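The numbering of the sequence shown is my numbering, which starts it at 70 and goes up by one. Structure, as structure tokens:
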Amino acid sequence: MTLRSKFVLVAVLLYGAMLVLAWQLVAYNRWLFVAAEVLIVASLLFTVKLYTSFVRPLNLIAAGVESIRDRDFSIKFLKTGQKEVDQLVEVYNQMMEELRQERVVQTEKHFLLERLIEASPSGIILLDSHDRVAGLNPAAAVLLQASGRDLVAKPLADLPGHWGASLGKLPKDEQRIIRPNGIQTYRCRKIRFLDKGYHRYFILIEELTQELLEKERNAYEKLIRMMSHEINNSIGAVNSILHSFAYFSPQLDPGTRPDFDEALQVCITRNQNLAGFMANFANVVRIPPPAKQPVSLHELLHSIQRLMLPSVERKGVLWHWELDSVSPTVEVDVQQLEQVLINVVKNAVEAVEEGGWVKVKTVANPPQLLIQDNGQGIAPEVQEKLFSPFFSTKANGQGIGLTMVREILLQHGFPFSLQTGADGVTTFQTQFVS
């Protein structure tokens, strides 16, 4: 039963009793009865006014509580003309206006934050309290190559590709630099924020590839030029002296002359090899801008296959073709792309054991090239350093081949990758974007 119903019930019972008592006065004094009736009516009017003064504020409070519960901050009350009630109405209206303004500000901030997150070129992955994916922005979806709908509620370790292993071990409130495929470089940070009083985290992924590649390129260009200058100057002077020594060979004793000639030739040959070694490094930093021209990709691949055929047959490697029915015409610098293909095929053949295979596959639309092998795969610790200058896993490797591949394809603007899949097949892939 509501307060209003209780009040009405009490009033009815009270005034019913008073009317019964007043009716009893008729037998004694008619005027006393009339006076009693007038008093009852006056008290009834006073009770109605008192009820209005007392219950109306309670109704206003109840309505205000209901609007706050419903988060409806647009409701305001009109003044009643009663001082106490009007003070309550004024305070309530002021409070509702402040709440409404605060909600508008928070909504605008939230909307702005959502737009900034969506437009951010950096990948952002929101996490729930259990470090599972709660959402991600478009940039993160591109990096992960998956939609947010497929990843929501998944643990970080279950993210696709290399991201699961890299981000799953990312410490809280710290940052790390990762190079998942040896080409792209990312700075990843796990940052804490407050959400409804609870600590939550999000991961910020910033790509640093171009910036670091430029710094790296400038550093090794300067180093190679300095080394090349100093070594070539020394080699030229030493070779001149060694050739001068050759004039003294006829004057030597016949028993010692062969040893002298052999030692002299070894020194000259070693100097020439050292000069060639430095020339290979210098070629990496002297790659000219590509002079592109249209060429049939299949014809280019067949010419590379003829060039590499002796080493393929010598090692007993099987060569497989899986070419598209239409040969893509690509705009490339032919000589530079030949260097790329020779290096990639050479690495594939060297990685394969006898009886293994190398497969060359093309796709016409969009133009793509894949060179695959079933040889020894690329270890995860090697993957991050694969295209780094001077890095090589071979005993006598110089670490130049894949660096040259990287520089040529970057200058062409062709995306590329080299990695070993879960099936153990290593794939080099590039797309000939125009």
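Glycine included, C-beta positions come from ideal geometry on N, C-alpha and C. Bear in mind the structure is a predicted one, so any value in this text is a computation, not a measurement.
Quick one: what's Leu-195 bridged to in DSSP?
Gly-204 and Phe-271
What three-state label does DSSP hand Phe-497 in the structure shown?
strand
Hey, is the region 394-407 in contact with the region 476-490, meaning 3+ C-beta pairs nearer than 8 Å?
yes
Ile-356 - DSSP class collapsed to helix/strand/coil
Looking at Ile-356 - three-state DSSP - the assignment turns out to be coil, as it is neither helix nor strand.
Unbroken alpha helix (DSSP H) run spanning Asp-141, endpoints
No alpha helix (DSSP H) holds Asp-141; DSSP gives it neither H nor E.
For the alpha helix (DSSP H) that contains Ser-380, what are its first and last residues?
366-384
Would you grab the beta carbon distance between Leu-366 and Val-399 for me? Rounded to a whole angstrom, and I think it's under 8 Å.
5 Å
For Thr-496 and Lys-428, I'd like the C-alpha separation in whole angstroms.
9 Å
Range of the contiguous beta strand (DSSP E) that encloses Asp-442:
437-442
Output the distance between the C-alpha atoms of Leu-369 and Ile-186, rounded to the nearest integer angstrom.
45 Å
Hey, Ala-222 and Arg-201 are a contact pair by Cβ (cut 8 Å); roughly how many whole angstroms apart?
Right, the Cβ-Cβ distance comes to about 5 Å (below 8 Å), so this counts as a contact.
Inter-residue spacing [alpha-carbon to alpha-carbon] between Lys-415 and Gln-374
11 Å
According to DSSP, is Ile-304 part of a helix, a strand, or is it coil?
helix
Would you check if the distance between the CB atom of Lys-148 and the CB atom of Val-158 is smaller than 8 Å?
yes
Asp-328 - partner residues in DSSP beta bridges:
Answer is none; Asp-328 lacks a bridge partner.
Which term fits Trp-28, buried or exposed, when burial requires 16 or more other beta carbons within 10 angstroms of its beta carbon?
Summary: the structure shown does not reach residue 28, with the chain confined to residues 70 through 503, and so no result is reported for it.
Can the beta-carbon of Asp-328 be found closer than 8 Å to that of Ser-318?
no
By DSSP, does Arg-248 sit in helix, in strand, or in coil?
Of the three classes helix, strand and coil, the one that applies to Arg-248 here is coil, per DSSP.
Does the Cβ of Leu-182 have 16 or more other Cβ atoms within 10 Å, making it buried, or fewer, making it exposed?
Counting of Cβ neighbours within 10 angstroms places Leu-182 among the exposed residues, the total staying below 16.
Within the same chain, show all residues whose beta-carbon is closer than 8 Å to that of Lys-361, passing over the 5 residues directly before and after it, in chain order.
Glu-400, Val-401, Asp-402 and His-481
With three or more beta-carbon pairs closer than 8 Å as the criterion, would you say the region 485-503 touches the region 430-438?
yes
Beta-carbon proximity list for Phe-180, same chain, < 6 Å, skipping 5 on both sides:
none
Pick helix, strand or coil for Gln-341, following the three-state DSSP scheme.
The three-state secondary structure of Gln-341, taken from DSSP, is helix.
Quick check: does the Cβ of Val-414 come within less than 7 Å of any heavy atom belonging to the ligand FMN?
As far as ligands go, the structure on display features none, and thus does not contain the ligand FMN.
Less than 7 Å between C-beta atoms, sequence neighbours within five positions excluded: which residues of the same chain meet that for Lys-384?
Val-418 and Glu-423
On the criterion of 16 or more Cβ atoms from any shown chain inside 10 Å, does Ile-409 qualify as buried, or is it exposed?
Note that residue 409 is Val in the sequence shown here, rather than Ile. Buried, since its Cβ has 16 or more Cβ neighbours within 10 Å.
Nearest-angstrom beta carbon gap, Ala-215 and Pro-224 [assumed within contact, 8 Å]:
Actually they are not in contact, since the Cβ atoms of Pro-224 and Ala-215 sit about 14 Å apart, beyond 8 Å.
Spatial neighbours of Glu-275 within its chain, please: CB distance less than 6 Å, with the 5 preceding and 5 following residues excluded, ordered by chain position.
For Glu-275, where only same-chain residues beyond five positions count, the Cβ hits under 6 Å are Ser-191 and Arg-256.
What would DSSP say about Leu-220, mapped onto helix, strand or coil?
helix
How is the beta strand (DSSP E) around His-389 delimited, first residue to last?
387-391
Simplified DSSP assignment, three categories, for Asp-242:
coil
Give every residue of the same chain whose Cβ lies closer than 7 Å to the Cβ of Pro-207, excluding the five residues on either side of it in the sequence, and list them in chain order.
Apart from the 5 residues on each side of it in sequence, Pro-207 sits with its Cβ closer than 7 Å to the Cβ of Glu-187 in its chain, given in chain order.
Assign Asp-492 to one of three DSSP states: helix, strand, or coil.
coil
In three-state terms, what does DSSP make of Leu-321?
In the three-state DSSP reduction, Leu-321 falls in the coil class, being neither helix nor strand.
When Lys-265, Ser-136 and Pro-397 are compared against Pro-363, the one with the closest alpha-carbon
Ranking Lys-265, Ser-136 and Pro-397 by Cα distance to Pro-363 puts Pro-397 first.
Can you tell which of His-199, Ile-193, Pro-379 and Arg-218 has its C-alpha closest to the C-alpha of Leu-212?
Selected option, being the one with the closest Cα: Ile-193.
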